[in-house]
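In what follows, a single structure is set out as structure tokens and then discussed.
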Amino acid sequence: MVRPCPSVGPRGRLRAWPGARELAPSLRARPARCRRLLPRGGAAPAGGGAEAGPGGGPGCAGGAAAKAGDMTDNIPLQPVRQKKRMDSRPRAGCGEWLRCCGGGDPRPRTVWLGRPEKRDQRYPRNVINNQKYNFFTFLPGVLFNQFKYFFNLYFLLLACSQFVPEMRLGALYTYWVPLGFVLAVTIIREAVEEIRCYMRDKEVNSQVYSRLTARGTVKVKSSGIQVGDLIIVEKNQRVPADMIFLRTSEKNGSCFLRTDQLDGETDWKLRLPVACTQRLPTAADLLQIRSYVYAEEPNIDIHNFVGTFTREDSDPPISESLSIENALWAGTVTASGTVVGVVLYTGRELRSVMNTSNPRSKIGLFDLEVNCLTKILFGALVVVSLVMVALQHFAGRWYLQIIRFLLLFSNIIPISLRVNLDMGKIVYSWVIRRDSKIPGTVVRSSTIPEQLGRISYLLTDKTGTLTQNEMVFKRLHLGTVAYGLDSMDEVQSHIFSIYTQPQDPPAQKGPAPTTKVRRTMSSRVHEAVKAIALCHNVTPVYESNGVTDQAEAEKQYEDSCRVYQASSPDEVALVQWTESVGLTLVGRDQSSMQLRTPGDQILNFTILQLFPFTYESKRMGIIVRDESTGEITFYMKGADVVMAGIVQYNDWLEEECGNMAREGLRVLVVAKKSLAEEQYQDFEARYVQAKLSVHDRSLKVATVIESLEMEMELLCLTGVEDQLQADVRPTLETLRNAGIKVWMLTGDKLETATCTAKNAHLVTRSQDVHIFRPVTNRGEAHLELNAFRRKHDCALVISGDSLEVCLKYYEYEFMELACQCPAVVCCRCAPTQKAQIVRLLQERTGRLTCAVGDGGNDVSMIQESDCGVGVEGKEGKQASLAADFSITQFRHLGRLLMVHGRNSYKRSAALSQFVIHRSLCISTMQAVFSSVFYFASVPLYQGFLIIGYSTVYTMFPVFSLVLDKDVESEVAMLYPELYKDLLKGRPLSYKTFLIWVLISIYQGSTIMYGALLLFESEFVHIVAISFTSLILTELLMVALTIQTWHWLMTVAELLSLACYIASLVFLHEFIDVYFIATLSFLWKVSVITLVSCLPLYVLKYLRRRFSPPSYSKLTS
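The sequence shown runs 29 to 1144 under my numbering.
Here you go:
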């Protein structure tokens, strides 16, 4: 039930407001066949609106939606509830934006063929835009994203305060130069990423297509395509906009579409042109007729479409209903022939765009934790300043004194922290790109490499990510004997013997004898192979190969020119296998099929009836007549769960299906039934009558077909495997051992998804699998959740529509149960559902998520996750371009997380805490100095000393911590349990932060008090002794922190020391040059440095000795 809302107009249409896209489908939740769009009298109303029906919806027309309702792949998408999310995604008021661009309310439209100028409303440009900013919003947007952090805002206010004379403590450059450097680094990095994104979008928008015009065919860029244009799309070319299919060059009058970029399904979809336009002699005639398409308003439902096609200049006017069968959505690829279509939707109104969330600036959890620590440091800064003023008894202009002390102790919050961390991220990204063991890896977002080290949930696509999307026939099982890959030559010899025996060729066989005679193995194998070669929806297509032209190849059935096309790769794998054993499918049209035998004899079969596969029936059937014998045979194949009740009793089907499924094979049961002529004629009469009925048509048709599906003869089982990507099993095993839970979200069928999950060992052999039964209402969901609650250590398999129902009524309970599962498989998932699952995981668990995918349907999930990884594969680069990290194979994910993610997080944790320690040391010394000298707000170090301390003197050694590592990469891969320690966030926690604060206070106090005790005459000697001791202490502390030395670390240490010694000559303004050359200076500095560092070295040794960390046990 949709809550009444002021944004909904009197006709039930949704006005433009920020939630319009998500709620639109729920307002259209009536069944498709009740939503009719044909305007009165067959012509569209001028305004493009629809007459209001009694239900407040659009008006009526019969055929359009009925056809859509009967479609086999007509799977409605449930509306996804979008939750408010706190992130840095730029958003504008959607309604205002639509109006200013001329979009207005999304409403039904009338589109005239080839006449874009006759449009009844303004439509968006057909451009793809994945950028976060534009030319005007770039600088304000980047600055806002920087200064919304307390850390950067604090330093901006600090630098601005130096313009007030009473608050000035030193030269302006000491505050503005570091801040300017930080901002410059950030702006340059964001600019580079935006330019890259712009270039990628430009490449897609610049793809060239052919447009039909009155002057002939003209070339047009994808971005120049308008609603109403007639566009020609060649074979294997991307469909540039949402179109209605008008014509095809294919002889059979249809075409196949690859939709894996849109819905994740590998099955090719059959699409049919509008019959009226397909009959025209040439494509140019489309411009000579007066015709238009009346279409529903843009929405996110990729599985449904309702509209009508009307030709006005014929007598009488012709109207045809349009459904999903006639639609070509943007992002799909034509797999056969050249097609011509009329553009209906463009730009942001495309189905694929509406199913994609806006890109957002991702902020790492590590950055948020550091931001939190800086707030604590700011609290400490305020407390210290107040204490200093309180000890002066708030005398005089105490409020000015507080501000001066705030400025004096501002080093407590180190401005260099942001620079060091950002530079560290660039180094990590460079190291990832240069890793020869994961070639081709690209870092597209250099702001979040630390996220890779703390992933708790990995959400992965199936097709093309875990699998290669290549089907291989693995097994033929006849009950008493099974043939695997190693024994296919036996099957070949059986087929060869059947067709080369002169005395009894199968073509001359009469009807089967009634007496039960034990058949030979050869005839059993032949019957099984023939059934597989006939029971399918595969069409052989012949193409020119450079030597033989297309017409000649088709006439001669040329093997080298033949390509199989089908709606499923499983079907193609089966037909290719029958070809390999001797029985080849060489020709097929709507009514006949031709097979070629090993002896080059052509067997002709007439197709009498075809019952296509549907997700409800889980089986397909075909009735054929052998032209040589007149035999009529009904062949059927399907899933074992439905076929078990259809075939004759046997004692091996269930057991063998279970065995093959455990091996990860997709099992199909093949059966046949011979029909007498009278029996078939009786069936056909009843079948035709059922198809003509108006009420309960589908039920009556199913009943008639089921009358044939009894006591069928079981021929064989087939096992087909979707080959996994290389090393998927060990990679998933590694991730599991690292404490990462893996969820598989796929648009594919339930059986296929379950099969792949078992095959990839996502579900281990010892684990049970709970298949969540389909639920449609609250009561069913409640019962099924209770049944699932009683299962323990059990993997969950659930479909998208059941998931939607559960999340609607029992979101908290479902997520609580699902998060306890060792693995979860969600099948038939829409792109927006994948993103919703990611968002719910983040909200319910508070853990970091990583999404992996390779298709356009995975982009929403990748962008919603904390860390998106795209796999470059056969399905194109759409996912990898939208991701934060791009890899070439799924197996590279293990090294990306276990090695690079772990190192990045540990290094950044060490670097951030060391930079804080460096600043706290000098701040502690300032506090001691001020308290000794009567709480005066006078700086201890001024000018270049204070800038040089955090730059040339200590920057290189401290930054060299980004090269540190606790274990070798091979050890990190061998023991993924090391990764599990990071999930608790121990490298950077309040405990480690407190330890570093105590170390800083101890060292700062020791150095300052030591200098005050040991100096003799002049104040300038205090500065020399304390500053030199401070620099040496920092260099020694870096050496203490390092676990694995790199030659660059040694260079950094020595270079920094040399820089300090060399600069002493130029620092005579602050340091007595003659004093530092004395022996007195040297022993005083040595003693102070020793007292500040030696106890920490002793403590480190004792800790390693008696309580070593887990990684040290592996390296010792």
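Think of the CB as a built atom: it goes at the ideal place given N, C-alpha and C, for glycine as much as any other residue.
Please classify residue i: does DSSP put it in a helix, a strand, or coil?
i     : result
Q629  : coil
A851  : strand
L1127 : helix
G481  : helix
Q520  : helix
V669  : helix
C744  : strand
H945  : helix
I768  : coil
K1019 : helix
L1063 : helix
A858  : coil
M648  : strand
N158  : coil
T245  : strand
R1132 : helix
P1137 : coil
K728  : helix
F984  : helix
H798  : strand
V367  : strand
In terms of residue numbering, what span does the alpha helix (DSSP H) encompassing residue i cover?
i     : result
M227  : Y201 to N233
L720  : E705 to L720
W680  : No alpha helix (DSSP H) holds W680; DSSP gives it neither H nor E.
D598  : P597 to S608
E397  : L393 to L419
L274  : That residue, L274, is in no alpha helix (DSSP H); its beta strand (DSSP E) goes D270 to T276.
G452  : S444 to R462
T336  : Segment G335 to R339 is the beta strand (DSSP E) holding T336; no alpha helix (DSSP H) there.
T784  : L778 to N787
P568  : Here P568 belongs to no alpha helix (DSSP H); instead the beta strand (DSSP E) covers T567 to Y570.
K297  : Where K297 is concerned, there is no enclosing alpha helix (DSSP H), although the beta strand (DSSP E) it sits in stretches over W296 to R299.
A1080 : W1075 to S1091
I need the boundaries of the beta strand (DSSP E) containing residue i, first residue and last residue.
i    : result
Q593 : R590 to Q593
E822 : What sits at residue 822 in the sequence shown is Cys, not Glu. Unbroken beta strand (DSSP E) run through C822: C822 to S827.
E145 : Counting along the chain, E145 falls outside any beta strand (DSSP E), and DSSP gives it neither H nor E.
H564 : Segment: none, H564 is in no beta strand (DSSP E) and carries neither H nor E.
Q496 : T495 to H505
S978 : It is not in any beta strand (DSSP E) - S978 instead sits in the alpha helix (DSSP H) that spans F972 to S978.
Classify residue i: buried if its beta carbon has 16 or more other beta carbons within 10 angstroms, exposed otherwise.
i     : result
S1054 : buried
D115  : Reliability fails at D115, whose pLDDT of 43 lies under 50, so the model's placement of it is uncertain and no value is given.
Y570  : buried
S965  : buried
W296  : buried
I1027 : buried
R818  : exposed
S1135 : exposed
S234  : exposed
W357  : buried
N162  : exposed
F178  : exposed
R119  : The predicted model places R119 with a pLDDT of 37, which falls under 50 and marks its position as unreliable; any figure quoted below should be read in that light. Exposed, because fewer than 16 other Cβ atoms sit within 10 Å of the Cβ of R119.
At least one CB of chain B closer than 8 Å to the CB of residue i: is that the case?
i    : result
R153 : This model lacks chain B altogether, as it is built from one protein chain only.
With a floor of 3 residues, list each beta strand (DSSP E) that falls wholly inside the segment 880 to 924, ordered by position along the chain. 895 to 899 and 913 to 915
Three or more C-beta pairs closer than 8 Å, one from the segment 402 to 413 and one from the segment 909 to 923: is that the case here? The count of Cβ pairs closer than 8 Å, one atom from the segment 402 to 413 and one from the segment 909 to 923, stays below three, leaving the stretches out of contact.
Segment contact flag, the segment 446 to 456 with the segment 723 to 740, C-beta cutoff 8 Å, min 3 pairs: no
Taking 8 Å as the cut-off, does the segment 891 to 901 touch the segment 301 to 310 (at least 3 CB pairs, one atom from each stretch)? no
Taking 8 Å as the threshold, find out whether the segment 1073 to 1080 comes into contact with the segment 971 to 982 through three or more Cβ pairs. no
Is there contact between the segment 737 to 751 and the segment 505 to 521, where contact requires at least three CB pairs shorter than 8 Å? These segments touch.
The segment 759 to 776 contacting the segment 799 to 817, beta-carbon criterion three pairs below 8 Å: no
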